[in-house]
Amino acid sequence: MYLLKEAHRFFIGSKTSEFTEVLPLAWLYVITNRRLAGARSLVDLAAKLAGVDYLQLREKDLPRRELYHLTRDIKEALPPGTRLLVNDRLDVALAAGADGVHLGENSLPPAVARRLLGPGKIVGVSVHSVAAAREAELAGADYLLFGHVFPTASKEGVPPRGLGHLREVVASVGIPIIALGGINAARAPQCLAAGARGVAVMSAVMAAPDPARAVAELKQALSKR
Numbered sequence: 001m002y003l004l005k006e007a008h009r010f011f012i013g014s015k016t017s018e019f020t021e022v023l024p025l026a027w028l029y030v031i032t033n034r035r036l037a038g039a040r041s042l043v044d045l046a047a048k049l050a051g052v053d054y055l056q057l058r059e060k061d062l063p064r065r066e067l068y069h070l071t072r073d074i075k076e077a078l079p080p081g082t083r084l085l086v087n088d089r090l091d092v093a094l095a096a097g098a099d100g101v102h103l104g105e106n107s108l109p110p111a112v113a114r115r116l117l118g119p120g121k122i123v124g125v126s127v128h129s130v131a132a133a134r135e136a137e138l139a140g141a142d143y144l145l146f147g148h149v150f151p152t153a154s155k156e157g158v159p160p161r162g163l164g165h166l167r168e169v170v171a172s173v174g175i176p177i178i179a180l181g182g183i184n185a186a187r188a189p190q191c192l193a194a195g196a197r198g199v200a201v202m203s204a205v206m207a208a209p210d211p212a213r214a215v216a217e218l219k220q221a222l223s224k225r
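Numbered continuously in full-length UniProt numbering, the sequence shown closes out at residue 225.
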């Protein structure tokens with residue numbers, strides 16, 4: 001989305017700009033996992049996510065019809081200001097009126113997704129290297145998810161890429177980078193210091209006894225720069 005990219009460049013682009021010191025609020029990006037949510041419905045949980053900037057619906061195993069209805073219900077339940085993205089499924093995102101899609105590194109090319117979705121929707125891409133980040137930017141991605149930055153149970157046995165690699169990816173492109181992997185309230189400020197535009201979490205919110213409180217704590221941590 002053009003405006004999203006331009007807003008990012010406006011705030012952090014040129015060091016000679018008088019606006020260099022005026023930093024935008026960092027993004028909080030939540031990824032769903034209904035298994036981590038336990039007995040709680042994702043729709044009820046979504047209604048408690050005030051302050052979340054982006055919610056990615058990542059329920060890859062759901063049948064198309066069920067995912068469509070879930071997307072519609074979550075979109076209606078989300079607090080104002082939270083944008084809903086569907087993982088990989090362009091057809092569901094379009095049919096359900098989501099704000100965009102998030103693509104894996106080996107999913108449909110971002111340029112194809114952009115052509116199908118049109119200019120008013122958001123296209124995000126997961127990347128794990130500088131080369132992939134540059135390729136995704138050239139293909140029309142609006143933002144990139146980079147990770148995993150810290151050790152995480154979901155990537156057990158796979159070494160984290162670390163803050164140094166995050167800095168390299170941030171420096172290599174001109175679109176926002178969202179840091180992912182093992183992030184909590186204590187680690188979130190480190191990601192911002194490395195240049196990330198925001199952080200993405202899954203278990204920190206999905207598995208939290210009080211998701212609303214978890215979101216509030218993360219937002220507070222992101223405000224400390």
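Here a beta-carbon is modelled for each residue, glycine too, at the ideal position from N, C-alpha and C.
Verify whether the separation of the beta carbon atoms of residue i and residue j is less than 9 Å.
i: V125; j: L103; result: yes
i: residue 226; j: A193; result: Limits of the chain in this structure are 1 at one end and 225 at the other, which puts residue 226 out of reach.
i: residue 240; j: L84; result: Residue 240 falls outside the range modelled here, since the chain spans only 1 to 225, and no answer is possible.
i: L49; j: V215; result: yes
i: G157; j: G181; result: no
i: V52; j: L36; result: no
i: V149; j: A136; result: no
i: G47; j: P80; result: In the sequence on display, residue 47 carries Ala and not Gly. No, these two residues do not count as a Cβ contact at 9 Å.
i: A141; j: V123; result: yes
i: G38; j: A153; result: no
i: L45; j: P211; result: yes
i: A139; j: P110; result: yes
i: R58; j: I31; result: yes
Quick check: the Cα distance between residue i and residue j, rounded to an integer number of angstroms?
i: L116; j: Y143; result: 18 Å
i: V89; j: A221; result: As written in the sequence, residue 89 is Arg, which differs from the Val given in the question. Straight-line Cα distance between these residues: approximately 32 Å.
i: R161; j: K121; result: 30 Å
i: A204; j: V86; result: 20 Å
i: D91; j: T82; result: 21 Å
i: Q190; j: L163; result: 8 Å
i: V112; j: V101; result: 12 Å
i: S223; j: R167; result: 20 Å
i: S172; j: L25; result: 22 Å
i: L108; j: K60; result: 15 Å
i: P151; j: R40; result: 27 Å
i: A186; j: K75; result: 30 Å
i: V22; j: N184; result: Unreliable placement is indicated for V22, whose pLDDT of 41 sits below 50; the coordinate value is still reported in the next sentence. The straight-line gap from Cα to Cα measures roughly 25 Å.
i: N33; j: K155; result: 15 Å
i: R213; j: A77; result: 18 Å
i: N106; j: P119; result: 22 Å
i: R114; j: P159; result: 33 Å
i: M202; j: L145; result: 13 Å
Could you tell me which residues DSSP pairs with residue i in its beta bridges?
i: A200; result: Y29 and L180
i: S41; result: According to DSSP, S41 bridges with nothing at all.
i: S126; result: L145
i: L57; result: V86
Which runs of the alpha helix (DSSP H) fall wholly inside the stretch 59–120 and span at least 4 residues, in chain order? Runs of the alpha helix (DSSP H) inside the stretch 59–120: 64–77, 90–96 and 110–117.
Closer than 8 Å is the cut-off here; do at least three beta carbon pairs connect the stretch 196–213 with the stretch 173–181? The stretch 196–213 vs the stretch 173–181: in contact.
Three Cβ pairs or more, each shorter than 8 Å: is that satisfied between the stretch 87–98 and the stretch 57–68? Remark: three or more beta-carbon pairs, one from each stretch, lie closer than 8 Å, so the stretch 87–98 and the stretch 57–68 are flagged as touching.
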